[in-house]
Amino acid sequence: MRANESNIPLLKEVTCPTCWHGFPPEDVHWVAVHDDLVDERFNDGRQLHFLPSRFSVQGLAYDERGRECTEMACPRCGNVFIPHLLQMEPLFLSILGAPGSGKSFFLAAMIRELQRNLGSKLNIRFQNSNPLGNRLVTEYGTSLFDYSDDENSRVKLQKTDIQGDLWYYQTVIDGQDTMLPKSYLYAVQPGREHAQFEQQDELSRVLCLYDNAGEHFLPGSTTGNAPVIDHLGKSESLLFVYDPLQESEFRRRCKSHSDDPQIQHAPFKYPQADILAEAAAHVKRLKKLSATQLYDKPLIVVVQKFDAWKSLVGDTYDLLDKAWGLNSKGQALLDTDLIKTVSLKLEKLLRVLAPAIVNEAQAFCKEVIFIPVTATGLSPMLEGAGTDGQPNLMFRPGTLEPRWCELPVLYALRRAARGDNRESLIAKLQRKPASNDDSQSNDDSQSNDDSQAIRYTFPGKNGRQHG
Numbered sequence: 260m261r262a263n264e265s266n267i268p269l270l271k272e273v274t275c276p277t278c279w280h281g282f283p284p285e286d287v288h289w290v291a292v293h294d295d296l297v298d299e300r301f302n303d304g305r306q307l308h309f310l311p312s313r314f315s316v317q318g319l320a321y322d323e324r325g326r327e328c329t330e331m332a333c334p335r336c337g338n339v340f341i342p343h344l345l346q347m348e349p350l351f352l353s354i355l356g357a358p359g360s361g362k363s364f365f366l367a368a369m370i371r372e373l374q375r376n377l378g379s380k381l382n383i384r385f386q387n388s389n390p391l392g393n394r395l396v397t398e399y400g401t402s403l404f405d406y407s408d409d410e411n412s413r414v415k416l417q418k419t420d421i422q423g424d425l426w427y428y429q430t431v432i433d434g435q436d437t438m439l440p441k442s443y444l445y446a447v448q449p450g451r452e453h454a455q456f457e458q459q460d461e462l463s464r465v466l467c468l469y470d471n472a473g474e475h476f477l478p479g480s481t482t483g484n485a486p487v488i489d490h491l492g493k494s495e496s497l498l499f500v501y502d503p504l505q506e507s508e509f510r511r512r513c514k515s516h517s518d519d520p521q522i523q524h525a526p527f528k529y530p531q532a533d534i535l536a537e538a539a540a541h542v543k544r545l546k547k548l549s550a551t552q553l554y555d556k557p558l559i560v561v562v563q564k565f566d567a568w569k570s571l572v573g574d575t576y577d578l579l580d581k582a583w584g585l586n587s588k589g590q591a592l593l594d595t596d597l598i599k600t601v602s603l604k605l606e607k608l609l610r611v612l613a614p615a616i617v618n619e620a621q622a623f624c625k626e627v628i629f630i631p632v633t634a635t636g637l638s639p640m641l642e643g644a645g646t647d648g649q650p651n652l653m654f655r656p657g658t659l660e661p662r663w664c665e666l667p668v669l670y671a672l673r674r675a676a677r678g679d680n681r682e683s684l685i686a687k688l689q690r691k692p693a694s695n696d697d698s699q700s701n702d703d704s705q706s707n708d709d710s711q712a713i714r715y716t717f718p719g720k721n722g723r724q725h726g
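Position one of the sequence shown corresponds to residue 260 (the numbering used here), numbered consecutively onward.
Following this line, the structure appears as structure tokens:
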């Protein structure tokens, strides 16, 4: 697709979400259709990748045998390059954490909640940009959230491995075999009723989500031939999934209030602060920062399994049910001040029960936000032991009730606002009187008070109306 031959507005430079190579859109390669055209560069029999010279009236390239092609590829790593990336700026978000922290559960619940809420309640279109590439996450969501009439049905998610075609992409770059992370791609665009629908070309983004095995963040686990966590240096926000139930003091405090098998049996015990420290060291190497310099991107600490430790805080975090909404003009709003209020409360709790994770987070990034979530809303069932001798924790499909899993991405979208006017799909909700203390964030302020203009049912269980 050539920029000067298309009526579709293209970006001046595009970025591959697999190898992060930047190039002008007219340099994107096309994938040949004819079976005789094989690309010897990759040594795996894949179809020829080429820079075309002939196009159909629909703007599709012809291969050397005159066949019309529909698939594009990155000119460097050869992975599929979706059309949305030619037109929308990417928003890279890294999901990281220790083994057993619940990253895959969180990812599945997060996508489900974004699909359920963005279009119907925030006038934001959330589109699966790469159904084939996103298949694993789709299958996660289906297995967890599709109701089953079989009361004996049980499900658990396959652990993200350190290698394998499900999670990683094998290719050849500069003649060298290379393993790269797969990304999950979703487009977010203003809907027709959105207040900024006319600015969709500027505001639309492609979410590029990365989910690695927790073992990749252990010291010495990555090499130049497998830069599977280099996305950390590209991401506009880092989502560290933290499992407080791996901390002995958390479990001790919760034991008398909960029979959750994760508390009673503690199947995972990884040094989560050390994993965050290794991730921080990797980012600082990539960005050429000194050991004492703080990274200028937000670190969102996603404190998982809230349903299991809610007894420690009661209903003090329930105000997060009112964190986002829609005003009468059709503008999506996020109350970042409210999120910061809860973050400070949660940080105070963690300083008492798990101080190491707070210390590492604040030694890493200038802006740290703590957000409680539960990807399941209920405790798993203990179904004996697995082949590794660990407790086999299962869920019944269709019974899960995620809570607040959409908030980390909504916050990241808000913080990724661009331009002199800090424009974004989601505006900041400013309540009166406006707070003068914004030391934890560089977020902008709105000149008007939107809090009285919200007219929508908040996602809390009571379905309260606001405004």
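Note that the Cβ used here is the ideal one computed from N, Cα and C, for glycine as well.
Source: prediction; values computed, not measured.
Check                                                                                                            : Outcome
Within 8 Å, strictly: CB atoms of Leu-592 and Leu-688                                                            : yes
Where the alpha helix (DSSP H) through Trp-583 begins and ends                                                   : Looking at the DSSP string, Trp-583 is not in any alpha helix (DSSP H); the run it does join, the beta strand (DSSP E), is 583 to 585.
Reduced DSSP secondary structure (H/G/I, E/B, other) of Ala-320                                                  : strand
Reference Glu-452; option with closest CA among Gly-337, Asn-586 and Glu-327                                     : Asn-586
Close beta carbons around Phe-476, own chain, < 7 Å, minus the five adjacent residues each side                  : Leu-355, Ile-488, Ile-534, Glu-537 and Ala-538
Opposing strand residues paired with Glu-348 [DSSP bridges]                                                      : Arg-464
DSSP three-state assignment for Val-572, whether helix, strand or coil                                           : coil
Helix, strand or coil at Asn-387 according to DSSP, with G and I counted as helix                                : strand
Span of the beta strand (DSSP E) around Phe-742                                                                  : Shown here, the chain extends from 260 to 726; a query on residue 742 therefore has no answer.
Own chain, CB closer than 7 Å to His-293, minus 5 neighbours either side, in chain order                         : Asp-322, Arg-324 and Arg-326
Simplified DSSP state of Ile-685, which is helix, strand or coil                                                 : strand
Other residues of its chain near His-524: CB distance less than 8 Å, five sequence neighbours each side excluded : Leu-641 and Pro-650
Residue ranges of each alpha helix (DSSP H) within the segment 354 to 412, 4 or longer                           : 362 to 381 and 394 to 404
Neighbour flag for Gln-459 against chain D, beta carbons, 8 Å                                                    : Protein chains in the displayed structure number just one, and chain D is not present.
Rounded straight-line distance, which links the Cα of Val-542 to that of Lys-528                                 : 24 Å
For Pro-650, three-class secondary structure by DSSP                                                             : strand
Coil, strand or helix - Gln-435 by DSSP                                                                          : strand
Under the three-state DSSP convention, the category Glu-330 falls into                                           : coil
Selection from His-288, Ala-686, Gln-374 and Ala-613 that minimises the alpha carbon distance to Gln-258         : The first residue shown for the chain is 260 and the last is 726, placing residue 258 beyond what the model contains.
Pairwise C-alpha distance: Lys-625 and Asn-618                                                                   : 12 Å
Buried versus exposed, by CB contacts within 10 Å (16 or more), Asn-210                                          : No information on residue 210 is available, as it lies outside the stretch 260 to 726 that the chain covers here.
Rounded separation between Lys-730 and Arg-512 - CA only                                                         : Nothing about residue 730 can be read from this structure; the chain reaches only from 260 to 726.
Outcome for Pro-486 when other beta-carbon atoms lying within 10 angstroms are tallied against a minimum of 16   : buried
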